[in-house]
Each structure stands twice: as C-alpha cells, then as structure tokens.
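Before any comments, here is the structure.
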Amino acid sequence: MAGRRAAPRRSALERGVVGAARRARALHQARIAIKRARYSLERLAASEGTADASALERLIAVQELLGLRHDRNLARDLVLRAAERLQFSQAEAARWLRDLARQLGQEADEAVEGLRRIVEPDASEPARANP
Numbered sequence: 000m001a002g003r004r005a006a007p008r009r010s011a012l013e014r015g016v017v018g019a020a021r022r023a024r025a026l027h028q029a030r031i032a033i034k035r036a037r038y039s040l041e042r043l044a045a046s047e048g049t050a051d052a053s054a055l056e057r058l059i060a061v062q063e064l065l066g067l068r069h070d071r072n073l074a075r076d077l078v079l080r081a082a083e084r085l086q087f088s089q090a091e092a093a094r095w096l097r098d099l100a101r102q103l104g105q106e107a108d109e110a111v112e113g114l115r116r117i118v119e120p121d122a123s124e125p126a127r128a129n130p
C-alpha cells in the first residue's frame with residue numbers, strides 16, 4: 000500500500016514498561032483470585048469440619064507475598080514520581096527518594112523470591128506423605 004506509513008516501533012524501554020505493567024496487573028489479579036479461593040476454603044472448612052491446613056497456609060502465604068509485592072511496587076512508583084518532581088529543585092531529596100524507591104523495589108523482588116520458594120519447593124527436601 001503506497002503512501003501508508005508504518006506505525007512507529009516502540010523502544011525496548013517502552014516495551015519493557017508496558018510488559019512490567021501487564022505482569023503487575025496479572026499478579027494483582029492472581030492475588031485477588033487467591034484471596035477468594037482462601038476465603039472459600041476457610042468457609043468450606045468451617046461448614047464441613049475438614050481442612051487441608053497446609054493448602055490453606057500456602058494460600059495465605061502466597062496472598063501475603065503478592066500483597067507485599069503489590070504494595071511495595073505502588074510505593075516505589077509514588078516515590079519515583081516525587082523524586083522526579085524534586086529532581087531539579089532539591090537534588091538531595093530527590094536522591095534520597097530514588098534510594099528509597101530502589102529499596103522498595105528490592106523488597107518487592109524479595110517477595111517474588113518468597114513466592115518461588117512456596118510454589119517451587121526445594122527438590123532436596125523430602126516429600127511429605129499425606130496421611
């Protein structure tokens with residue numbers, strides 16, 4: 000088709016930001032789904048008198064870690080926006096906020112590592128037998 004221009008390609012940074020935002024939304028939606036599953040399991044356990052305690056503990060741990068990751072990422076984004084606003088007028092404050100944002104990002108990453116330990120337990124640990 001002559002005369003038609005191709006849409007500009009996104010830079011690697013733009014693609015990375017969009018991908019990260021999609022992953023963050025997906026993880027937040029997963030946390031909500033896990034919370035609903037947890038509450039359903041708790042209600043079932045209360046009405047039936049039975050419960051798989053280890054499954055419930057894992058759901059709670061995953062929900063808490065996903066919540067921690069979500070909260071830290073939201074806080075990091077707020078701090079980075081504040082640092083950007085201060086960048087030219089108050090350089091020291093902006094540096095401090097960027098350091099805080101880096102720390103919040105590390106805590107979010109640590110939450111993900113905690114999730115991995117729950118979801119992918121160490122193969123060297125002996126498997127638990129279900130009675």
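For the sequence shown, the positions run 0 to 130 when numbering that gives the first Met the number 0 is used.
Glycine included, C-beta positions come from ideal geometry on N, C-alpha and C.
Quantities reported herein were computed from a predicted structural model and do not represent experimental measurements.
Do L43 and V78 have their C-beta atoms within less than 9 Å of each other?
Against the sequence shown, residue 43 aligns to sequence position 44. Against the sequence shown, residue 78 aligns to sequence position 79. No. Outside cutoff.
Applying the criterion that 16 or more other CB atoms from any shown protein chain within 10 Å of the CB defines a buried residue, is R68 buried or exposed?
Position 69 of the sequence shown, counting from 1, holds the residue named residue 68. With 16 or more other Cβ atoms inside 10 Å of its own Cβ, R68 counts as buried.
Taking only the alpha-carbon atoms, compute the straight-line gap between A93 and L99 and give it to the nearest angstrom.
As a first step, residue 93 is located in the sequence shown; it is residue number 94 there, counting from the start. As a first step, residue 99 is located in the sequence shown; it is residue number 100 there, counting from the start. Taking the straight line from one Cα to the other gives about 10 Å.
Verify whether the separation of the beta carbon atoms of L65 and L26 is less than 9 Å.
Start at 1 with the first residue of the sequence shown, and residue 65 comes out as number 66. Start at 1 with the first residue of the sequence shown, and residue 26 comes out as number 27. By the CB criterion at 9 Å, L65 and L26 fall inside the cutoff.
Three-state secondary structure (DSSP) at L66?
Counted from its first residue, the sequence shown places residue 66 at position 67. According to the sequence provided, residue 66 is Gly. The question's Leu does not apply to it. Note: G66 maps to helix in three-state DSSP.
Which of the three DSSP states, helix, strand or coil, is assigned to D51?
Position 52 of the sequence shown, counted from the first residue, corresponds to residue 51. Three-state result, D51: coil.
Which residue from A36, D76, A45 puts its Cα closest to that of L58?
As a working note, residue 58 is residue 59 in the sequence shown. Among A36, D76, A45, the Cα nearest to that of L58 belongs to A36.
Between A133 and the rest of its own chain, which residues show a CB-CB distance below 7 Å, the 5 nearest in sequence each way excluded?
Absent from the structure is residue 133, since the part of the chain shown begins at 0 and ends at 130.
If I measure Cβ to Cβ from R30 and keep anything under 7 Å in the same chain, skipping five residues before and after, which residues do I get?
Start at 1 with the first residue of the sequence shown, and residue 30 comes out as number 31. Same-chain partners within the cutoff: Q62, L65, G66, H69.
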